[in-house]
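Notes follow once the structure below has been shown.
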Amino acid sequence: MTPETLEPPEPLEKEEPRALKAELRRGRLRIGRFSVRFDPRTVLVCLALIVVTACMVVLSVGTGTYELSPMEVLRTFAGNGPPGAEFIVLDLRLPRAVVAVLVGFGTGMAGAVFQSLTRNPLGSPDIIGFGNGASAGALVAIIFLNAGAAQTALGALVGGFATAIAVYLLAWRRGVHGYRLVLVGIGVSAVLGAATSFLYIRADIGKAAQAASWTIGSLNDRGWTEARTAALGLIFCVPVVMVFGRRLTMLEMGDDTAGALGVPPERSRLILLCAGTGLTAMAVAAAGPIPFLAMASPQLARRVTRAAGPNVLPAAWMGALLVTAADLLTQRVTGSALMPVGVVTGVAGGLFLAWLLLRERRAHHI
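The working numbering puts the first residue of the sequence shown at 78, with every later residue one more than the last.
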């Protein structure tokens with residue numbers, strides 16, 4: 078008999094990568110004593126949205142009277158572009174593209190927050206009045222105070238938070254529930270629409286025309302000042318949303334369930350409401366109200382990720398992609414950068430709303 082030969086055990090260096098891959102496939106990452114859970118499909122969707130958005134930005138920067146190929150744009154970013162391209166790309170076109178990404182990111186995240194708080198796909202800030210409140214505040218600054226970018230942003234913040242306070246107080250009845258927040262918000266939105274019309278009547282023709290072009294939602298003549306305005310909202314509000322993201326998921330289960338899990342519903346809802354209002358107001362201050370963006374981005378992100386919960390990051394990157402794609406479409410189709418991006422999102426968003434209502438009706442939800 079020949080003795081059995083025992084194979085030597087595999088070295089630990091080979092076992093550790095296998096264990097790490099298994100953990101990542103299960104959506105878990107351990108770093109020392111800390112453990113992070115994630116959804117692998119959501120991570121892949123976010124990465125794909127980032128890549129596609131970056132491609133849209135490159136194409137958008139290269140579009141215009143002076144056409145540039147994607148490679149020429151990339152070489153210009155690296156400092157090796159064609160003669161004269163640096164001024165066109167970095168000073169004229171890149172700020173517009175950056176504003177599109179930042180505004181779309183903030184609006185998409187705000188839409189996810191509000192839809193989760195109301196537990197209603199129609200509970201987005203552009204439908205329940207928060208966007209209209211920010212627009213009204215900015216219009217007062219533009220028409221009556223001849224405001225610049227900083228004053229317009231302040232007016233949008235004041236208008237947005239004043240609307241948030243009004244809606245919250247009117248919807249309060251031993252707590253704030255989603256359906257009541259939506260109904261009260263729609264009513265407040267109608268009042269703000271009438272107030273906006275009154276502002277147009279009181280303004281002179283020049284300022285009224287300037288305000289009208291702004292309220293459609295436009296990226297025309299947007300520069301680094303507007304990019305800083307949008308970035309300011311993200312810097313202060315995105316960390317709040319990310320920290321309270323777990324609470325947002327629990328709030329979707331209902332106040333009783335959230336309270337049983339140790340989450341104070343009203344305090345968490347109020348903090349998230351303030352963060353969503355800040356995101357909406359700063360996006361409106363930078364580019365004006367862009368119709369249906371906050372409503373469509375979370376719904377599209379949820380269908381792509383197939384994950385339950387608010388999906389705030391996928392919704393944010395979906396919003397960035399939608400704005401950059403709409404801006405590129407307006408430039409390619411019309412051959413001009415003057416058409417407001419809100420025209421495209423308004424048409425597409427109206428069709429999406431009709432489809433969403435039809436789908437909800439077939440599911441007997443309405």
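Where is the CB? At the ideal position from N, CA and C, for every residue including glycine.
Predicted model, so just to flag it, every value in this text is computed and none were measured.
Given residue i as reference, the closest of the options once Cα atoms are compared
| i | options | result |
| --- | --- | --- |
| L338 | G264, G262, L325 | L325 |
| I48 | P160, L167, A352, G214 | Only positions 78 to 443 of the chain appear in this structure, which leaves residue 48 out of reach. |
| K284 | R299, F221, V400, N297 | F221 |
| A244 | S146, V265, V235 | Sequence inspection shows Val at residue 244; the Ala mentioned does not correspond to that position. Ranking S146, V265, V235 by Cα distance to V244 puts V265 first. |
| G262 | T240, A215, V424 | T240 |
| W291 | V217, L406, I165 | V217 |
| G419 | G331, A393, A360 | A360 |
| E144 | Q408, V259, P117 | Q408 |
| A304 | G236, I165, G365, G188 | G365 |
| L415 | N297, T273, R436 | N297 |
| L444 | E343, G141, G181 | The shown model of the chain, from 78 to 443, leaves out residue 444, and the question about it has no answer. |
| L347 | T142, G210, S212, L258 | L258 |
| I127 | G426, L406, M395 | M395 |
| G181 | L276, L399, G427, A431 | L399 |
| A385 | G232, L234, R196, L136 | R196 |
| I293 | R436, T142, V421 | V421 |
| G310 | F207, A431, L276, T357 | T357 |
| A307 | L151, M327, V175 | V175 |
| C132 | T142, G141, T119, P147 | P147 |
| D332 | V381, L194, N388, A272 | L194 |
| M327 | P387, E149, L405, A272 | P387 |
Spatial distance of residue i from residue j (CA atoms)
| i | j | result |
| --- | --- | --- |
| P316 | A373 | 23 Å |
| A378 | D281 | 42 Å |
| L350 | T411 | 38 Å |
| F238 | N157 | 46 Å |
| L171 | V134 | 8 Å |
| F429 | S345 | 30 Å |
| A397 | V253 | 30 Å |
| L121 | L434 | 29 Å |
| L124 | T401 | 16 Å |
| P219 | R383 | Pro is not the amino acid found at residue 219; the sequence shown has Ile there. The straight-line gap from Cα to Cα measures roughly 42 Å. |
| Q192 | S201 | 6 Å |
| A288 | F321 | 36 Å |
| Y256 | P198 | 11 Å |
| G214 | P159 | 43 Å |
| L390 | T184 | 11 Å |
| G426 | A403 | 11 Å |
| I367 | G210 | 14 Å |
| L169 | F275 | 35 Å |
| G423 | D203 | 11 Å |
| G300 | V190 | 28 Å |
| C314 | L234 | 13 Å |
| T153 | A392 | 31 Å |
| V138 | L179 | 15 Å |
| G188 | I165 | 33 Å |
| I205 | T354 | 11 Å |
| T130 | R380 | 18 Å |
| M330 | A431 | 27 Å |
| L269 | I242 | 14 Å |
Local Cβ density within 10 Å of residue i, reported as buried at 16 or more and exposed below that
| i | result |
| --- | --- |
| A362 | buried |
| R173 | buried |
| P341 | exposed |
| I278 | exposed |
| L89 | Bear in mind that the predicted position of L89 carries a pLDDT of just 48, short of 50, making it too unreliable to give a figure here. |
| M464 | Nothing about residue 464 can be read from this structure; the chain reaches only from 78 to 443. |
| Q376 | buried |
| A267 | exposed |
| F369 | buried |
| L260 | exposed |
| N223 | exposed |
| F207 | buried |
| G336 | exposed |
| P117 | exposed |
| M78 | At M78 the pLDDT is 44, less than 50, meaning the model places this residue with poor confidence; the figure from the coordinates comes in the next sentence. Exposed. |
| G225 | exposed |
Range covered by the alpha helix (DSSP H) that runs through residue i
| i | result |
| --- | --- |
| S146 | Premise fails: S146 is in no alpha helix (DSSP H) and is neither H nor E. |
| L23 | The structure shown does not extend to residue 23, since the chain is modelled only from 78 to 443, so the question has no answer here. |
| I219 | 207-222 |
| G236 | 226-248 |
Query - Complete runs of the alpha helix (DSSP H) confined to the stretch 357-401 [at least 4 residues] - result: 370-382
Query raised in the report: Which runs of the alpha helix (DSSP H) spanning at least 4 residues fall entirely within the stretch 275-339, listed in chain order?
Result: 282-292, 301-320, 322-328, 332-337
Report task. List in chain order: all unbroken alpha helix (DSSP H) runs of 4+ residues lying wholly within the stretch 137-197. Result -> 147-154, 171-195
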